[in-house]
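Position in the sequence shown counted from 1, then plus 76, gives you this note's numbering.
Glycine residues also receive a C-beta, built at the ideal position from the N, C-alpha and C atoms.
What follows is a set of notes on a single structure, which appears directly below.
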Amino acid sequence: MSKKIVTANMPIEGVLYRIRILFENERPIEIEAQKQEEPSILGNIYTGIIEKVASGIRAAFVRIDKNLTCYLPLDAGCPPPHTGDELLVQISREAQKTKLPTATTELSLSGTYLVVCSGKQKVSFSSRLKEEEKKRLEKMAGSFFPSASGQQKDPFCCGIIFRTSAREASMEDLREEYQQLQQKLECIRNYGQMRTQGTCVYQAGAEVPEMVQRYGMELSEYLTDVKEEFDSCQTYFRKNAFEHCRATLFQDKLIPLYKQQNFDRILNAARSERVALPSGGFLVIQPTEAFVSIDVNSGKQLNGKYGKRFFYDVNCEAAKEIAAQLRLRGLSGLILIDFISMEDKLQEEQLLAELQKYVREDPIQTRVIDMTVMHIAEVTRQKKKRSLAEQIGGTKDAAWRE
Numbered sequence: 077m078s079k080k081i082v083t084a085n086m087p088i089e090g091v092l093y094r095i096r097i098l099f100e101n102e103r104p105i106e107i108e109a110q111k112q113e114e115p116s117i118l119g120n121i122y123t124g125i126i127e128k129v130a131s132g133i134r135a136a137f138v139r140i141d142k143n144l145t146c147y148l149p150l151d152a153g154c155p156p157p158h159t160g161d162e163l164l165v166q167i168s169r170e171a172q173k174t175k176l177p178t179a180t181t182e183l184s185l186s187g188t189y190l191v192v193c194s195g196k197q198k199v200s201f202s203s204r205l206k207e208e209e210k211k212r213l214e215k216m217a218g219s220f221f222p223s224a225s226g227q228q229k230d231p232f233c234c235g236i237i238f239r240t241s242a243r244e245a246s247m248e249d250l251r252e253e254y255q256q257l258q259q260k261l262e263c264i265r266n267y268g269q270m271r272t273q274g275t276c277v278y279q280a281g282a283e284v285p286e287m288v289q290r291y292g293m294e295l296s297e298y299l300t301d302v303k304e305e306f307d308s309c310q311t312y313f314r315k316n317a318f319e320h321c322r323a324t325l326f327q328d329k330l331i332p333l334y335k336q337q338n339f340d341r342i343l344n345a346a347r348s349e350r351v352a353l354p355s356g357g358f359l360v361i362q363p364t365e366a367f368v369s370i371d372v373n374s375g376k377q378l379n380g381k382y383g384k385r386f387f388y389d390v391n392c393e394a395a396k397e398i399a400a401q402l403r404l405r406g407l408s409g410l411i412l413i414d415f416i417s418m419e420d421k422l423q424e425e426q427l428l429a430e431l432q433k434y435v436r437e438d439p440i441q442t443r444v445i446d447m448t449v450m451h452i453a454e455v456t457r458q459k460k461k462r463s464l465a466e467q468i469g470g471t472k473d474a475a476w477r478e
């Protein structure tokens, strides 16, 4: 399956954004948009200070900058911190709507094959890895990860998560990356303990974008008009021997890259409430303050000649498109899906199984909960990043203007 990432600077309503799109077989499946003057803080590590402890909700509020406070959930098994305490925190979820950014004291660094995290010494796996792959990787971990082999606990106390790309890695690749990430994380912790409150001691994606790291093994092409990002990514591809990925710096002075790649059309489609289905039906996607509402419509195909099999087929078609749209738009939280009503209980169960199969491809944890008595499918998607609409803002369904 062909994957490529295209990164381009693009003006939207007078504001310059950096847009990054992941294509799979030429179809956009993930979009990141960031204002140039407002870089993302997701994954950054800061020296913070406790401003307030809210015992009733087992949380604290940590100031990481003179103008920025974040929300820190507290572990029920640990003694609560005190106002004025300094600590290292990492941003685990961006600010969304009226909510503050969420932080954690369990620090982590991502590589091509592994995520190394402080706190719990355990081995975890991407949900996209198969059981036989997990067993093989766990056995390999015993050669370089102390806890996996039953050896003495690592004094630094860190755990590892095998990413999906680890299935292609050699033992030496895994060992080398683990050692690099573990040492880097320990240096960050030691350095951060000596810095003053409000210092950013680690900036995520400062060199190689997280999207490129996440899909590096699977990429066949990387295209950008951003010279500094091209240089860092090209170095990254060479270092990891990703010869299969063609990296190109776009330098056409007549046609900007975002126009050549039709970013305006892609962004408009990803913001539209209505999404067409091949059968003639359509989806209506409406994010609200409390949840995301998705309505499945069969279009004009409603007369009596269409039987229950037709409605089941339209619903399955919709399930596949819904999974793609959640990922493309970055929608999260509670998602309620009003499929076309079906009387057959077995068809409902098969439909939920189909939906679960499609959302399993999403790198963000997504769960199909159940079908309610009102025949509404309940889905949850973990909140990490702001939705595309929140990232860009501006008027809804309007044409993008320079």
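Rounded straight-line distance, which links the Cα of residue j to that of residue i
i: V455; j: Q432; result: 9 Å
i: E209; j: T272; result: 44 Å
i: V390; j: D307; result: 46 Å
i: I121; j: V444; result: 32 Å
i: Y434; j: R103; result: 16 Å
i: V82; j: K260; result: 29 Å
i: T311; j: L407; result: 33 Å
i: E262; j: L92; result: 36 Å
i: Q423; j: Y388; result: 7 Å
i: I107; j: S417; result: 32 Å
i: E437; j: G160; result: 43 Å
i: K79; j: C309; result: 16 Å
i: G281; j: L410; result: 28 Å
i: E430; j: K396; result: 8 Å
i: Q228; j: K215; result: Residue placement at Q228 cannot be trusted, given a pLDDT of 49 that sits under 50; the coordinates are not used to answer.
i: N373; j: G469; result: 27 Å
i: D249; j: R169; result: 29 Å
i: K142; j: I167; result: 16 Å
i: F201; j: H158; result: 35 Å
i: D371; j: F358; result: 8 Å
i: S184; j: Q279; result: 12 Å
i: L164; j: P149; result: 14 Å
i: G132; j: D420; result: 46 Å
i: H320; j: A109; result: 27 Å
i: I97; j: L295; result: 12 Å
i: L404; j: T180; result: 26 Å
i: M450; j: I237; result: 39 Å
i: A399; j: A465; result: 17 Å
i: A482; j: E252; result: With the chain represented from 77 up to 478, any question about residue 482 goes unanswered, as that position is not in the structure.
i: N379; j: I361; result: Bear in mind that a pLDDT of 48 at N379, under 50, signals an unreliable position, so the model cannot answer this.
i: E89; j: A453; result: 37 Å
i: F561; j: E100; result: As displayed, the chain neither begins before 77 nor continues past 478, which places residue 561 out of reach and without an answer.
i: L353; j: Q256; result: 47 Å
i: L427; j: D446; result: 11 Å
i: I105; j: G375; result: 25 Å
i: R462; j: I331; result: 30 Å
i: M287; j: Y298; result: 11 Å
Run of the beta strand (DSSP E) containing residue i, from where it starts to where it stops
i: F99; result: 91-100
i: K479; result: Any property of residue 479 remains undetermined from this structure, which presents the chain solely from 77 to 478.
i: F137; result: 135-141
i: L118; result: Per DSSP, L118 belongs to no beta strand (DSSP E) and is neither H nor E.
i: P104; result: 103-111
i: Y278; result: 276-278
i: C193; result: 190-194
i: I236; result: 234-238
i: F201; result: 199-201
i: R322; result: 322-325
i: V351; result: 350-352
Range covered by the alpha helix (DSSP H) that runs through residue i
i: I342; result: 339-347
i: E207; result: 207-217
i: V435; result: 421-435
i: I468; result: 464-468
i: L333; result: 333-336
Paired residues, beta bridge with residue i - DSSP
i: R243; result: Partner(s): none; R243 has no beta bridge.
i: D446; result: E454
i: C146; result: V138
i: L183; result: In the DSSP output, where bridge partners are listed per residue, L183 has none listed.
i: K175; result: Q172
i: Q166; result: I121, T180
Meets three-Cβ-pair contact criterion under 8 Å: the region 300-311 and the region 129-136: Per the Cβ contact rule, the region 300-311 is not in contact with the region 129-136 (fewer than 3 Cβ pairs under 8 Å).
Runs of alpha helix (DSSP H) wholly within the region 287-318 (minimum 4 residues, chain order): Taken in chain order, the complete alpha helix (DSSP H) segments of 4 residues or longer contained in the region 287-318 are 303-315.
Contact the region 254-273 vs the region 283-301: 3+ CB pairs below 8 Å: Under the 8 Å Cβ criterion, the region 254-273 does not count as touching the region 283-301, having fewer than three qualifying pairs.
Ordered list of alpha helix (DSSP H) runs contained in the region 359-413, each at least 4 residues: Counting only runs of 4 or more, we get 384-405.
Contact between the region 188-199 and the region 239-249 (3+ Cβ pairs under 8 Å): Touching, per the Cβ criterion.
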